[in-house]
């Protein structure tokens with residue numbers, strides 16, 4: 005297979021099944037007997053251990069230390085929010101803490117199934133009790149009592165006893181009821197909604213089998229080596245396109261399960277969701293509705309494949325997703341309609357535009373922009389020998405020629421949200437901007453290093469260049485941006501990139517498949533793109549939370565390191581002017597209302613992330629909501645006033661603000677989104693302030709270049 009896959013290998017995602025048995029993902033109901041492993045699963049476990057120890061990049065043995073990690077990870081996968089197991093249960097399970105490695109080599113799955121069956125019984129009993137007592141429990145809630153619910157309970161100690169567990173569940177249920185109440189659900193609908201939610205979980209238990217248990221257990225073992233090493237059961241292997249790439253035909257969204265929610269981790273470039281707007285990374289799907297007016301079905305706690313079935317549908321039909329920006333923020337539900345369609349190669353192709361702006365001396369500047377959503381190639385046409393096959397490099401070469409003919413002063417390559425793609429294309433694209441040389445080094449688990457790059461001298465674009473990246477720029481994007489930075493061929497602006505610098509292969513097993521990390525990317529300067537990504541020369545504010553998005557946010561991610569640099573020619577020494585460029589940028593940004601609007605949103609988002617507990621008192625919850633709404637309104641009006649526009653009274657769609665504004669009309673807290681507010685009035689619309697600023701930085705670099713940049717064709721010392 006190719007060293008990279010545009011979605012699977014270039015953006016690191018937790019496997020779908022990791023939360024398979026979280027509250028929202030387990031399906032409960034009567035089951036007459038405990039689940040037990042098969043002989044084939046025992047053999048497959050031994051095979052997984054052998055393959056990982058033999059081929060994984062980290063070259064690490066499955067020993068007592070890793071057994072302890074595996075033990076903890078398995079418990080966390082089953083009970084991430086500490087809602088089922090008691091401390092006594094954990095103490096009893098601890099007999100296996102240091103022996104899972106020995107059991108695994110013998111193909112012994114008894115520890116895995118014993119723990120799971122215990123968990124199964126606890127969850128079944130808990131949800132049965134909730135359903136039996138739901139009316140009385142809801143009637144007992146006093147929403148005037150001041151108390152709080154921890155949003156993330158994963159770091160809490162295990163409950164000492166049943167009484168502590170009961171209290172955790174009481175608060176959880178009270179929070180769900182209060183969220184629905186603030187979402188303006190009719191009083192009679194609240195118990196009906198919660199009953200359906202828990203009944204759905206009960207109904208699904210009957211679907212679970214030994215393969216599901218083995219999937220969880222084997223996958224938590226694989227992930228101890230790194231987050232991109234995963235086990236796929238036969239069922240998941242058969243559904244590779246859905247469960248592996250997570251690219252759903254119909255809307256172009258990449259999802260994973262997070263506790264009881266389906267979480268949007270990425271939008272497929274040029275897919276329906278990406279083009280139509282409204283859906284964002286980190287959004288959690290609460291419900292799915294069919295058509296323009298069909299009822300929205302609550303999907304909290306559903307299996308991911310069942311949610312997929314609701315989202316997928318006939319072409320040119322509409323699906324409506326009810327989403328919130330993150331856990332603990334369900335007061336901010338919004339409905340996003342998306343018209344289903346296919347993602348076509350031509351729609352993912354690179355696009356060009358020319359931006360114009362005036363400087364302080366009233367001189368007009370024209371800068372070309374090439375937006376590259378992914379590193380693509382039409383493999384089928386290429387294999388058939390079609391000389392007109394489409395690829396990123398071919399399309400960009402044509403666009404560069406057109407922009408040069410149109411007289412632009414320089415070119416910006418926009419790689420924001422580009423999750424990667426073909427390594428071949430990353431190499432060839434770099435070749436459009438350098439005369440000759442390597443673009444990336446790749447080291448195997450055996451420490452063998454090979455280099456890819458431009459092997460023949462040829463013409464290339466020699467003009468001024470800037471590259472834009474953000475937190476979602478990953479893998480192939482990082483290879484290109486890193487090479488441009490190392491060669492001194494252009495300025496890198498934006499955010500620190502994702503940091504996905506590893507290569508995976510698929511290995512067939514007796515049952516299922518293993519995706520295993522076997523190699524690592526290194527820049528020509530010697531540093532890895534793994535974990536650290538590409539650090540821009542000039543930083544922009546980011547609405548992405550680095551603790552939730554990026555390689556560094558993933559458990560067991562391989563560390564950054566470096567190898568010897570290879571020989572390459574450095575074209576410019578931008579280090580001499582970066583401080584001046586940054587100073588000019590900061591001065592301009594301080595007086596740009598749209599840039600300050602973005603900065604204000606970032607600060608608001610950072611403050612919101614610091615909230616660790618939700619009030620279960622209705623007045624306190626409303627006060628939190630109103631405070632967030634008032635702050636969002638103040639930020640918007642600050643921007644409007646600085647641009648000479650009339651201030652808004654409220655953030656309503658009738659006042660011109662789009663439905664993605666942080667307005668609270670529904671479930672948990674009003675917190676800002678991952679993208680700036682957009683207005684419905686063209687006169688008031690927020691421009692792509694970062695793209696415009698990048699053009700200005702590029703022009704600044706041109707003005708400084710004759711004086712401060714000295715071309716260097718000397719290879720670095722090695």
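Residue numbers (my numbering): 5 to 722. We treat Cβ as the ideally placed atom computed from N, Cα and C, and that holds for glycine.
Rounded straight-line distance, which links the Cα of residue j to that of residue i
i           : j           : result
residue 441 : residue 464 : 12 Å
residue 198 : residue 38  : 28 Å
residue 427 : residue 379 : 8 Å
residue 732 : residue 650 : Here the chain covers residues 5 to 722 and nothing more, so residue 732 does not appear.
residue 448 : residue 229 : 15 Å
residue 187 : residue 139 : 19 Å
residue 263 : residue 85  : 8 Å
residue 282 : residue 93  : 44 Å
residue 500 : residue 196 : 46 Å
residue 110 : residue 67  : 13 Å
residue 700 : residue 475 : 22 Å
residue 456 : residue 524 : 13 Å
residue 126 : residue 72  : 23 Å
residue 461 : residue 709 : 25 Å
residue 49  : residue 65  : 15 Å
residue 35  : residue 63  : Caution is warranted here: a pLDDT of 41 is assigned to residue 35, below 50, making its placement in the model unreliable, and no coordinate value can be reported.
residue 80  : residue 128 : 18 Å
residue 53  : residue 120 : 21 Å
residue 546 : residue 582 : 20 Å
residue 158 : residue 552 : 14 Å
Other residues of its chain near residue i: CB distance less than 8 Å, five sequence neighbours each side excluded
i           : result
residue 707 : none
residue 645 : 651
residue 695 : 359, 373, 416, 418, 472
residue 176 : 87, 153
residue 298 : 324
Residue i vs residue j beta-carbon contact at 8 Å
i           : j           : result
residue 256 : residue 275 : yes
residue 201 : residue 83  : no
residue 124 : residue 225 : no
residue 288 : residue 278 : no
residue 118 : residue 521 : no
residue 259 : residue 292 : no
residue 507 : residue 483 : no
residue 261 : residue 314 : no
residue 479 : residue 504 : yes
residue 418 : residue 381 : no
residue 90  : residue 169 : yes
residue 458 : residue 438 : yes
residue 323 : residue 344 : yes
residue 173 : residue 208 : no
residue 55  : residue 404 : no
residue 693 : residue 541 : no
residue 148 : residue 566 : no
Cβ shell of residue i (< 7 Å), same chain only, five flanking positions each side left out
i           : result
residue 676 : For residue 676, the predicted model reports a pLDDT of 29, less than 50, meaning its position is unreliable; a value from the coordinates is still stated below. So the qualifying residues of the chain are 605, 608, 609, 612, 636, 666.
residue 4   : This structure does not reach residue 4, given that the chain is present from 5 up to 722, and the question cannot be answered.
residue 42  : 214
residue 145 : 178, 181
Residue burial classification, residue i (beta-carbon count within 10 angstroms, cutoff 16)
i           : result
residue 222 : buried
residue 432 : buried
residue 654 : exposed
residue 231 : buried
residue 702 : buried
residue 395 : buried
residue 216 : buried
residue 454 : exposed
residue 269 : buried
residue 422 : buried
residue 392 : exposed
Beta-carbon proximity list for residue i, same chain, < 6 Å, skipping 5 on both sides
i           : result
residue 399 : 353, 354
residue 25  : Because residue 25 sits at a pLDDT of 32, beneath the cut-off of 50, its placement in the model cannot be relied upon, and the following sentence gives the value as read from the coordinates. Closer than 6 Å at Cβ, skipping near neighbours: 82.
residue 434 : 443, 484, 487
residue 601 : 643
residue 494 : 469, 470, 471, 488
residue 330 : 286
Original post:
Are the segment 50-63 and the segment 133-142 touching, with three or more C-beta to C-beta distances below 8 Å?
Top reply: no
**OP:** Determine contact between the segment 357-370 and the segment 338-348, defined as no fewer than three beta-carbon pairs at a distance below 8 Å.
**Re:** no
Original post:
For the segment 558-576 against the segment 470-479, are there 3 or more C-beta pairs whose distance is under 8 Å?
Top reply: no
**OP:** Say whether the segment 614-622 touches the segment 564-584, bearing in mind that this needs 3 or more beta-carbon pairs closer than 8 Å, one atom from each stretch.
**Re:** no
Original post:
Does the segment 402-410 come within contact of the segment 531-544, defined as at least 3 CB pairs closer than 8 Å?
Top reply: no
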